[in-house]
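Colleague: If you're matching positions, the sequence shown starts at 583 in my numbering and goes up one per residue. Please find one structure pasted underneath; my questions will follow.
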Amino acid sequence: MDTPLAWWPHHLFGEPHLHTVRDVLLHAITETAGHAGHLDAARGLVDGRRWMVLT
């Protein structure tokens with residue numbers, strides 16, 4: 583998990599801000615969770631239903 587990234591196109595993107603496999607996996611998980619929340623909010627606006635209600 584703490585292995586450095588084996589390949590990164592430095593000539594296209596410069597230095598990576600994610601340095602290890604762990605960084606990449608955590609970034610992918612948090613981005614997916616955030617976008618899933620946005621989609622759930624948009625769906626709620628369309629059909630008026632809420633999936634999870636926290637009080």
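Glycine residues also receive a C-beta, built at the ideal position from the N, C-alpha and C atoms. In this text, all values refer to a predicted model and were calculated from it rather than measured experimentally.
At what residues does the alpha helix (DSSP H) containing His620 begin and finish?
Modeller: 603-629
Colleague: Check for me: the alpha helix (DSSP H) holding His592 runs from which residue to which?
Modeller: Annotation: the continuous alpha helix (DSSP H) that includes His592 extends over 592-595.
Colleague: Who are the Cβ neighbours of Trp590 in its own chain at under 7 Å, not counting the five residues just before and after it?
Modeller: Pro598
Colleague: Who are the Cβ neighbours of Met583 in its own chain at under 8 Å, not counting the five residues just before and after it?
Modeller: Thr602, Val603, Arg604, Leu607
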